[in-house]
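Notes to accompany the following structure.
In my numbering, the protein residues as written are 3 to 382.
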(Lines of atoms letter the chains of each structure in order from A; the text may use other names.)
(Lines give C-alpha, C1' and ligand atoms only; values in the text may rest on other atoms or scores of the structure.)
Protein backbone atom coordinates (compact mmCIF):
# COMPACT_ATOMS: atom_id res chain seq x y z
CA UNK A 3 0.00 0.00 0.00
CA UNK A 4 1.18 3.50 -0.79
CA UNK A 5 1.63 5.31 2.53
CA UNK A 6 3.18 8.55 1.23
CA UNK A 7 4.10 11.15 3.80
CA UNK A 8 3.39 14.81 3.25
CA UNK A 9 6.10 16.40 1.19
CA UNK A 10 7.67 19.49 2.69
CA UNK A 11 5.92 22.64 1.39
CA UNK A 12 8.02 24.62 -1.06
CA UNK A 13 7.77 28.33 -1.81
CA UNK A 14 8.25 29.58 -5.35
CA UNK A 15 6.79 33.09 -5.16
CA UNK A 16 6.73 33.95 -8.86
CA UNK A 17 5.52 30.50 -9.85
CA UNK A 18 2.66 30.69 -7.37
CA UNK A 19 1.66 34.19 -8.44
CA UNK A 20 1.42 32.95 -12.04
CA UNK A 21 -0.65 29.97 -10.86
CA UNK A 22 -3.34 32.16 -9.26
CA UNK A 23 -6.62 32.00 -11.15
CA UNK A 24 -6.68 35.63 -12.29
CA UNK A 25 -9.92 35.15 -14.23
CA UNK A 26 -11.60 34.17 -10.97
CA UNK A 27 -10.06 37.23 -9.29
CA UNK A 28 -11.52 39.36 -12.11
CA UNK A 29 -14.98 37.89 -11.45
CA UNK A 30 -14.66 38.86 -7.77
CA UNK A 31 -13.63 42.39 -8.75
CA UNK A 32 -16.63 42.66 -11.08
CA UNK A 33 -18.97 41.60 -8.28
CA UNK A 34 -17.39 44.11 -5.90
CA UNK A 35 -17.91 46.72 -8.64
CA UNK A 36 -21.60 45.82 -8.71
CA UNK A 37 -21.64 46.32 -4.95
CA UNK A 38 -19.94 49.71 -5.28
CA UNK A 39 -22.54 50.81 -7.85
CA UNK A 40 -25.48 49.66 -5.74
CA UNK A 41 -24.07 51.23 -2.57
CA UNK A 42 -23.38 54.49 -4.44
CA UNK A 43 -27.08 54.54 -5.25
CA UNK A 44 -28.01 53.55 -1.67
CA UNK A 45 -26.01 56.57 -0.48
CA UNK A 46 -28.25 58.87 -2.50
CA UNK A 47 -25.86 59.25 -5.42
CA UNK A 48 -22.78 59.68 -3.24
CA UNK A 49 -19.74 57.53 -2.51
CA UNK A 50 -20.24 58.29 1.17
CA UNK A 51 -21.02 56.71 3.52
CA UNK A 52 -21.19 53.24 1.95
CA UNK A 53 -19.45 52.90 -1.43
CA UNK A 54 -16.01 54.23 -0.48
CA UNK A 55 -15.79 52.01 2.59
CA UNK A 56 -16.94 49.07 0.49
CA UNK A 57 -14.15 49.66 -2.05
CA UNK A 58 -11.49 50.03 0.65
CA UNK A 59 -12.66 46.90 2.46
CA UNK A 60 -12.63 44.90 -0.77
CA UNK A 61 -9.14 46.14 -1.67
CA UNK A 62 -7.89 45.14 1.80
CA UNK A 63 -9.68 41.80 1.56
CA UNK A 64 -8.26 41.13 -1.91
CA UNK A 65 -4.70 41.66 -0.66
CA UNK A 66 -5.39 39.21 2.17
CA UNK A 67 -6.97 36.70 -0.24
CA UNK A 68 -3.99 36.81 -2.61
CA UNK A 69 -1.57 36.45 0.30
CA UNK A 70 -3.47 33.40 1.60
CA UNK A 71 -3.49 31.99 -1.93
CA UNK A 72 0.31 31.81 -1.83
CA UNK A 73 0.33 29.81 1.42
CA UNK A 74 0.79 26.07 0.91
CA UNK A 75 -2.53 24.29 1.37
CA UNK A 76 -0.84 21.70 3.61
CA UNK A 77 0.07 24.44 6.08
CA UNK A 78 -3.56 25.57 6.07
CA UNK A 79 -4.63 21.96 6.66
CA UNK A 80 -2.44 21.76 9.77
CA UNK A 81 -4.22 24.83 11.16
CA UNK A 82 -7.73 23.41 10.57
CA UNK A 83 -8.51 22.03 14.02
CA UNK A 84 -6.74 24.81 15.98
CA UNK A 85 -8.88 27.27 13.99
CA UNK A 86 -12.02 25.29 14.86
CA UNK A 87 -11.22 25.26 18.58
CA UNK A 88 -10.33 28.95 18.50
CA UNK A 89 -13.65 29.84 16.89
CA UNK A 90 -15.54 27.78 19.46
CA UNK A 91 -13.80 29.78 22.19
CA UNK A 92 -14.76 33.03 20.45
CA UNK A 93 -18.38 31.89 20.15
CA UNK A 94 -18.35 31.18 23.88
CA UNK A 95 -16.97 34.66 24.55
CA UNK A 96 -19.76 36.17 22.44
CA UNK A 97 -22.37 34.60 24.71
CA UNK A 98 -20.63 35.97 27.82
CA UNK A 99 -19.45 39.41 26.75
CA UNK A 100 -20.61 39.98 23.19
CA UNK A 101 -21.98 43.24 21.79
CA UNK A 102 -25.79 43.32 21.67
CA UNK A 103 -27.41 44.79 18.55
CA UNK A 104 -30.95 44.53 17.20
CA UNK A 105 -31.93 42.04 19.89
CA UNK A 106 -29.05 39.63 19.28
CA UNK A 107 -25.62 39.09 20.84
CA UNK A 108 -23.40 38.23 17.87
CA UNK A 109 -20.31 40.47 17.92
CA UNK A 110 -17.14 40.94 19.90
CA UNK A 111 -16.22 44.60 20.23
CA UNK A 112 -12.44 44.91 19.78
CA UNK A 113 -11.74 48.59 20.26
CA UNK A 114 -14.05 49.86 17.57
CA UNK A 115 -13.76 46.75 15.38
CA UNK A 116 -16.76 44.43 15.62
CA UNK A 117 -15.86 40.78 15.02
CA UNK A 118 -18.56 38.21 14.25
CA UNK A 119 -17.12 34.78 15.16
CA UNK A 120 -20.07 32.91 13.65
CA UNK A 121 -18.90 33.98 10.18
CA UNK A 122 -15.36 32.79 10.91
CA UNK A 123 -16.73 29.54 12.28
CA UNK A 124 -18.10 28.54 8.89
CA UNK A 125 -14.63 28.60 7.36
CA UNK A 126 -13.10 26.82 10.35
CA UNK A 127 -15.76 24.11 10.11
CA UNK A 128 -15.04 23.59 6.41
CA UNK A 129 -11.34 23.15 7.12
CA UNK A 130 -11.92 20.86 10.12
CA UNK A 131 -14.34 18.54 8.31
CA UNK A 132 -12.10 18.40 5.23
CA UNK A 133 -9.16 17.53 7.48
CA UNK A 134 -11.17 14.73 9.10
CA UNK A 135 -12.52 13.20 5.90
CA UNK A 136 -9.61 13.57 3.49
CA UNK A 137 -7.91 10.29 4.48
CA UNK A 138 -11.07 8.28 5.15
CA UNK A 139 -11.61 5.05 3.21
CA UNK A 140 -15.07 4.03 2.00
CA UNK A 141 -15.15 1.34 4.71
CA UNK A 142 -14.57 3.90 7.47
CA UNK A 143 -17.19 6.20 5.94
CA UNK A 144 -19.70 3.40 6.44
CA UNK A 145 -18.89 3.14 10.17
CA UNK A 146 -21.33 5.29 12.20
CA UNK A 147 -18.77 5.71 15.01
CA UNK A 148 -16.38 7.36 12.55
CA UNK A 149 -19.02 10.02 11.84
CA UNK A 150 -19.60 11.00 15.49
CA UNK A 151 -16.62 13.42 15.85
CA UNK A 152 -17.39 15.40 12.64
CA UNK A 153 -21.08 15.43 13.58
CA UNK A 154 -20.19 16.94 16.96
CA UNK A 155 -17.82 19.37 15.24
CA UNK A 156 -20.83 20.61 13.27
CA UNK A 157 -23.47 20.53 16.01
CA UNK A 158 -21.41 22.34 18.69
CA UNK A 159 -20.98 25.59 16.70
CA UNK A 160 -24.54 25.37 15.35
CA UNK A 161 -25.82 25.19 18.92
CA UNK A 162 -23.65 28.10 20.06
CA UNK A 163 -24.77 30.24 17.11
CA UNK A 164 -28.41 29.42 17.85
CA UNK A 165 -27.86 30.70 21.41
CA UNK A 166 -26.84 34.19 20.17
CA UNK A 167 -29.54 33.92 18.60
CA UNK A 168 -28.69 33.79 14.89
CA UNK A 169 -30.99 31.32 13.16
CA UNK A 170 -29.93 32.25 9.62
CA UNK A 171 -26.19 31.73 10.14
CA UNK A 172 -26.81 28.58 12.21
CA UNK A 173 -28.87 27.11 9.38
CA UNK A 174 -26.21 27.94 6.78
CA UNK A 175 -23.51 26.44 9.03
CA UNK A 176 -25.51 23.22 9.33
CA UNK A 177 -26.05 23.10 5.55
CA UNK A 178 -22.32 23.57 4.92
CA UNK A 179 -21.59 20.67 7.24
CA UNK A 180 -24.20 18.54 5.47
CA UNK A 181 -22.72 19.40 2.05
CA UNK A 182 -19.24 18.27 3.11
CA UNK A 183 -20.61 15.09 4.68
CA UNK A 184 -22.36 14.31 1.38
CA UNK A 185 -19.31 15.14 -0.75
CA UNK A 186 -17.09 12.99 1.49
CA UNK A 187 -19.25 9.96 0.69
CA UNK A 188 -21.75 9.62 3.55
CA UNK A 189 -24.64 7.45 2.34
CA UNK A 190 -27.86 9.24 1.43
CA UNK A 191 -30.00 7.08 3.75
CA UNK A 192 -28.12 8.47 6.76
CA UNK A 193 -29.18 11.96 5.70
CA UNK A 194 -32.75 10.66 5.41
CA UNK A 195 -32.61 9.39 9.00
CA UNK A 196 -31.49 12.82 10.20
CA UNK A 197 -34.00 14.80 8.11
CA UNK A 198 -37.01 12.54 8.69
CA UNK A 199 -37.89 13.84 12.18
CA UNK A 200 -37.65 17.52 11.18
CA UNK A 201 -41.33 17.93 10.16
CA UNK A 202 -42.37 16.34 13.46
CA UNK A 203 -40.04 18.54 15.52
CA UNK A 204 -40.86 21.76 13.64
CA UNK A 205 -43.83 22.75 15.88
CA UNK A 206 -41.72 22.21 19.00
CA UNK A 207 -38.84 24.24 17.53
CA UNK A 208 -41.26 27.01 16.55
CA UNK A 209 -42.53 27.29 20.12
CA UNK A 210 -38.96 27.79 21.39
CA UNK A 211 -38.07 30.56 18.93
CA UNK A 212 -37.65 34.14 20.06
CA UNK A 213 -40.57 36.46 19.48
CA UNK A 214 -38.90 38.29 16.59
CA UNK A 215 -38.03 34.96 14.92
CA UNK A 216 -41.64 33.78 15.13
CA UNK A 217 -42.71 37.17 13.78
CA UNK A 218 -40.45 36.67 10.76
CA UNK A 219 -42.04 33.31 9.99
CA UNK A 220 -45.57 34.65 10.50
CA UNK A 221 -44.75 37.64 8.31
CA UNK A 222 -43.40 35.34 5.61
CA UNK A 223 -46.67 33.40 5.58
CA UNK A 224 -48.94 36.45 5.88
CA UNK A 225 -47.03 39.68 5.16
CA UNK A 226 -50.28 41.62 4.64
CA UNK A 227 -51.37 40.99 8.22
CA UNK A 228 -49.02 43.74 9.49
CA UNK A 229 -48.14 45.92 6.48
CA UNK A 230 -46.77 48.82 8.57
CA UNK A 231 -44.96 46.66 11.11
CA UNK A 232 -43.35 43.24 10.72
CA UNK A 233 -44.43 42.88 7.09
CA UNK A 234 -43.23 46.32 5.99
CA UNK A 235 -39.74 45.35 4.79
CA UNK A 236 -40.74 42.45 2.59
CA UNK A 237 -43.74 44.30 1.12
CA UNK A 238 -41.56 47.26 0.16
CA UNK A 239 -38.92 44.90 -1.24
CA UNK A 240 -41.47 43.22 -3.51
CA UNK A 241 -42.78 46.60 -4.65
CA UNK A 242 -39.24 47.74 -5.49
CA UNK A 243 -38.43 44.59 -7.44
CA UNK A 244 -41.73 44.73 -9.31
CA UNK A 245 -41.40 48.41 -10.17
CA UNK A 246 -38.11 47.71 -11.96
CA UNK A 247 -39.89 45.85 -14.74
CA UNK A 248 -37.78 44.43 -17.56
CA UNK A 249 -35.15 47.18 -17.93
CA UNK A 250 -35.40 49.08 -14.63
CA UNK A 251 -36.11 52.70 -13.74
CA UNK A 252 -32.53 53.77 -14.40
CA UNK A 253 -29.43 54.32 -12.27
CA UNK A 254 -30.19 56.56 -9.27
CA UNK A 255 -33.86 56.71 -10.33
CA UNK A 256 -35.30 54.04 -8.02
CA UNK A 257 -38.23 55.44 -6.07
CA UNK A 258 -38.52 52.92 -3.23
CA UNK A 259 -34.86 53.24 -2.27
CA UNK A 260 -34.36 56.96 -2.77
CA UNK A 261 -37.59 57.93 -1.04
CA UNK A 262 -36.51 55.78 1.94
CA UNK A 263 -39.43 53.39 1.77
CA UNK A 264 -36.99 50.48 1.91
CA UNK A 265 -35.18 49.93 5.25
CA UNK A 266 -31.74 48.25 5.38
CA UNK A 267 -31.27 48.98 1.67
CA UNK A 268 -27.49 49.05 2.01
CA UNK A 269 -27.24 45.65 3.70
CA UNK A 270 -29.87 42.89 3.60
CA UNK A 271 -32.00 44.43 0.83
CA UNK A 272 -29.25 45.66 -1.51
CA UNK A 273 -30.47 43.34 -4.28
CA UNK A 274 -33.76 45.25 -4.43
CA UNK A 275 -31.87 48.39 -5.53
CA UNK A 276 -30.33 46.40 -8.38
CA UNK A 277 -33.73 45.01 -9.39
CA UNK A 278 -35.47 48.38 -9.17
CA UNK A 279 -32.87 50.43 -11.06
CA UNK A 280 -31.65 47.85 -13.60
CA UNK A 281 -34.76 45.70 -13.90
CA UNK A 282 -35.13 41.99 -14.53
CA UNK A 283 -32.29 42.01 -17.08
CA UNK A 284 -29.85 43.68 -14.67
CA UNK A 285 -30.85 41.41 -11.78
CA UNK A 286 -30.45 38.36 -14.01
CA UNK A 287 -27.00 39.55 -15.10
CA UNK A 288 -25.91 39.87 -11.45
CA UNK A 289 -27.31 36.41 -10.68
CA UNK A 290 -25.33 35.11 -13.66
CA UNK A 291 -22.15 36.66 -12.27
CA UNK A 292 -22.83 35.11 -8.87
CA UNK A 293 -23.43 31.73 -10.55
CA UNK A 294 -20.10 31.97 -12.40
CA UNK A 295 -18.32 32.50 -9.08
CA UNK A 296 -20.04 29.44 -7.57
CA UNK A 297 -19.32 27.31 -10.64
CA UNK A 298 -15.72 28.53 -10.66
CA UNK A 299 -15.32 27.29 -7.10
CA UNK A 300 -16.82 23.93 -8.07
CA UNK A 301 -14.43 23.69 -11.02
CA UNK A 302 -11.47 24.34 -8.74
CA UNK A 303 -12.72 21.50 -6.53
CA UNK A 304 -12.99 19.11 -9.50
CA UNK A 305 -9.48 19.94 -10.74
CA UNK A 306 -7.84 19.43 -7.35
CA UNK A 307 -5.97 16.12 -7.03
CA UNK A 308 -6.13 15.81 -3.24
CA UNK A 309 -9.28 15.12 -1.25
CA UNK A 310 -8.63 17.82 1.33
CA UNK A 311 -8.50 20.53 -1.33
CA UNK A 312 -11.58 19.16 -3.08
CA UNK A 313 -13.65 19.23 0.10
CA UNK A 314 -12.39 22.69 1.10
CA UNK A 315 -13.14 24.17 -2.33
CA UNK A 316 -16.57 22.57 -2.37
CA UNK A 317 -17.32 23.88 1.13
CA UNK A 318 -16.29 27.44 0.27
CA UNK A 319 -18.32 27.39 -2.95
CA UNK A 320 -21.34 26.08 -1.01
CA UNK A 321 -20.88 28.75 1.65
CA UNK A 322 -20.97 31.45 -1.03
CA UNK A 323 -23.97 29.81 -2.72
CA UNK A 324 -25.94 29.63 0.54
CA UNK A 325 -25.21 33.31 1.20
CA UNK A 326 -26.52 34.22 -2.27
CA UNK A 327 -29.53 31.91 -2.22
CA UNK A 328 -30.73 32.96 1.24
CA UNK A 329 -30.31 36.69 0.55
CA UNK A 330 -32.00 36.75 -2.86
CA UNK A 331 -34.76 34.36 -1.83
CA UNK A 332 -35.32 36.48 1.27
CA UNK A 333 -35.76 39.79 -0.57
CA UNK A 334 -38.10 38.08 -3.05
CA UNK A 335 -40.27 36.76 -0.24
CA UNK A 336 -39.52 33.10 -1.01
CA UNK A 337 -38.15 32.44 2.49
CA UNK A 338 -38.44 34.35 5.79
CA UNK A 339 -36.20 37.38 6.32
CA UNK A 340 -33.01 36.18 7.98
CA UNK A 341 -30.52 39.04 8.04
CA UNK A 342 -28.03 37.42 5.61
CA UNK A 343 -26.01 39.86 3.43
CA UNK A 344 -25.29 39.48 -0.28
CA UNK A 345 -21.53 38.76 -0.36
CA UNK A 346 -19.27 41.41 -1.90
CA UNK A 347 -22.33 43.54 -2.63
CA UNK A 348 -23.88 44.40 0.74
CA UNK A 349 -22.32 46.97 3.07
CA UNK A 350 -20.49 45.37 5.99
CA UNK A 351 -16.96 44.61 7.11
CA UNK A 352 -17.11 41.32 9.01
CA UNK A 353 -18.87 39.36 6.26
CA UNK A 354 -16.64 40.92 3.58
CA UNK A 355 -13.44 39.92 5.39
CA UNK A 356 -14.67 36.37 6.03
CA UNK A 357 -15.74 35.87 2.42
CA UNK A 358 -12.39 37.16 1.12
CA UNK A 359 -10.44 34.90 3.50
CA UNK A 360 -12.53 32.02 2.14
CA UNK A 361 -11.68 32.97 -1.43
CA UNK A 362 -8.02 33.19 -0.41
CA UNK A 363 -8.16 29.60 0.81
CA UNK A 364 -9.89 28.69 -2.46
CA UNK A 365 -7.01 30.32 -4.35
CA UNK A 366 -4.56 28.26 -2.30
CA UNK A 367 -6.44 25.09 -3.28
CA UNK A 368 -6.14 26.11 -6.94
CA UNK A 369 -2.46 27.05 -6.77
CA UNK A 370 -1.59 23.82 -4.91
CA UNK A 371 -4.06 21.55 -6.71
CA UNK A 372 -1.33 19.02 -7.59
CA UNK A 373 0.30 18.67 -4.16
CA UNK A 374 0.26 15.28 -2.44
CA UNK A 375 -1.35 14.71 0.93
CA UNK A 376 -0.93 10.98 0.87
CA UNK A 377 -4.66 10.32 0.34
CA UNK A 378 -5.33 6.62 0.81
CA UNK A 379 -9.07 6.28 0.31
CA UNK A 380 -8.67 3.45 -2.21
CA UNK A 381 -6.15 1.29 -0.34
CA UNK A 382 -7.46 1.20 3.20
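Yeah, the Cβ is synthetic: ideal placement off N, Cα and C, and Gly gets one too.
Open item on the list: I'd like to check one pair, residue 332 with residue 326: are the Cβ atoms closer than 7 angstroms?
Closed with: no
- [ ] Return the Cβ separation of residue 318 and residue 360 in integer angstroms, given the expectation that the two are a contact with Cβ distance under 8 angstroms.
- [x] 5 angstroms
Open item on the list: Quick check: residue 178 and residue 320, are their CB atoms within less than 7 angstroms of each other?
Closed with: yes
- [ ] Let me know if residue 247 comes out buried or exposed under the rule of 16 or more other beta-carbons within 10 Å of its beta-carbon.
- [x] exposed
- [ ] Tell whether a beta-carbon distance below 7 angstroms holds between residue 314 and residue 373.
- [x] no
Task: alpha helix (DSSP H) segment containing residue 66, residue limits - done: 53–71 is the span of the alpha helix (DSSP H), which, as asked, contains residue 66.
Task: Per-residue burial, residue 208 [other beta carbons within 10 Å of its own, 16 or more giving buried] - done: exposed
Task: Nearest-angstrom Cβ-Cβ length linking residue 354 and residue 59, presumed shorter than 8 angstroms - done: Cβ-Cβ separation between residue 354 and residue 59: approximately 5 angstroms, consistent with a contact (criterion under 8 angstroms).
- [ ] Write down the C-beta distance between residue 279 and residue 244 rounded to the nearest angstrom, noting that I regard them as a contact closer than 8 angstroms.
- [x] The pair is not a contact, with the Cβ atoms about 13 angstroms apart (cut-off 8 angstroms).
Task: Which of helix, strand or coil DSSP assigns to residue 24 - done: helix
Open item on the list: Assuming contact is defined by CB atoms lying nearer than 7 angstroms, are residue 322 and residue 296 in contact in what I supplied?
Closed with: It is a contact, given that the beta carbons lie within the stated cut-off.
Open item on the list: If the criterion is Cβ atoms closer than 7 angstroms, does the pair residue 41 and residue 258 meet it?
Closed with: no
Task: Straight-line gap, residue 117 to residue 98 (C-alpha atoms, nearest Å) - done: 14 angstroms
Task: Which listed residue (54, 337, 161, 272) has its alpha carbon closest to that of residue 221 - done: Checking every option, the nearest Cα to that of residue 221 belongs to 337.
- [ ] Have a look at the DSSP bridge pairing and note the partners of residue 372.
- [x] None, per the DSSP bridge assignment.
Task: 8 angstroms contact criterion, which residue 156 and residue 163 should meet: CB distance rounded - done: Incorrect: roughly 11 angstroms between the Cβ atoms, too far for contact.
- [ ] At 3 residues or longer, and completely inside the segment 115–200: list those beta strand (DSSP E) runs for me, N to C.
- [x] 115–117
Open item on the list: Do residue 33 and residue 291 have their beta-carbon atoms positioned less than 7 angstroms apart in this structure?
Closed with: yes
- [ ] Report yes if the CB atom of residue 237 is closer than 7 angstroms to the CB atom of residue 225, and no otherwise.
- [x] yes
Open item on the list: Can you determine whether any heavy atom of the ligand MG sits closer than 6 angstroms to the C-beta of residue 374, and answer yes or no?
Closed with: Ligands displayed in this structure: none; no statement on the ligand MG is therefore possible.
Task: residue 239 - containing alpha helix (DSSP H), residue span - done: Segment 234–245, the alpha helix (DSSP H) holding residue 239.
Open item on the list: Just verifying my parser: in three-state terms, what is the DSSP assignment at residue 305?
Closed with: helix
TODO: Kindly give me the distance between the Cβ atoms of residue 261 and residue 271, rounded to whole angstroms, as I take these residues to be in contact under 8 angstroms.
DONE: Not confirmed; about 14 angstroms, so no contact.
TODO: Could you tell me whether the Cβ atoms of residue 294 and residue 29 are closer together than 7 angstroms?
DONE: Going by beta carbons, residue 294 and residue 29 fall inside the 7 angstroms limit.
- [ ] Run the CB neighbour count on residue 324, radius 10 Å, all protein chains shown included, and call it buried at 16 or more, exposed below.
- [x] buried
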